[in-house]
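Residue numbers (this note's numbering): -17 to 138.
Glycine included, every Cβ here is placed at the ideal spot set by N, Cα and C.
Worksheet: one structure, shown below.
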């Protein structure tokens, strides 16, 4: 058991070193005079670009990372939309802790899952558990974590 914890902590430290993450911080919306767009602006832009509801993107971010652009899960998912390293590679996301890159990649990934699986519930299941698990089980996998994830994202 302690070996698993040590492995997870080691992986988190490796990710933090790779991307220069020092400490988790909540992101801030644009301050007066700042040139970087707020989360809301990036969400609206990406949601429109990929034909996904901005409310869905906001909820997904809230459930995945609590709005923390520096979040790292015990499994190695990173940033606001909790993208896995392999997913980042597939999507061309170079820095998953960059707000724009993470949201753009996450929304593009979600759009692809929606197109692939044809339903929001299955797309969310694939976002959480992976597309292979959705195919393997022929629907939502019987994982409590995945079922809870879908419920949280879909609840108003």
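Secondary structure of residue i, DSSP reduced to three states
i, result
"residue 62", "coil"
"residue 81", "helix"
"residue 94", "helix"
"residue 89", "helix"
"residue 123", "coil"
C-beta neighbour in chain D for residue i, strict 8 Å
i, result
"residue 38", "Absent from the structure is chain D; it holds one protein chain and no more."
Test item: CB-CB of residue i and residue j under 8 Å
i, j, result
"residue 53", "residue 44", "no"
"residue 32", "residue 90", "yes"
"residue 116", "residue 132", "no"
"residue 79", "residue 61", "yes"
"residue 99", "residue 108", "yes"
"residue 93", "residue 34", "yes"
"residue 77", "residue 51", "no"
"residue 106", "residue 75", "no"
Exposure label - residue i; buried when at least 16 CB within 10 Å
i, result
"residue 30", "exposed"
"residue 37", "exposed"
"residue 88", "buried"
"residue 118", "exposed"
"residue 22", "exposed"
"residue 96", "buried"
"residue 47", "buried"
"residue 86", "buried"
Enclosing alpha helix (DSSP H) for residue i [first to last residue]
i, result
"residue 43", "36 to 47"
"residue 24", "21 to 32"
"residue 56", "No alpha helix (DSSP H) contains residue 56, which DSSP labels as neither H nor E."
"residue 116", "113 to 119"
"residue 127", "126 to 136"
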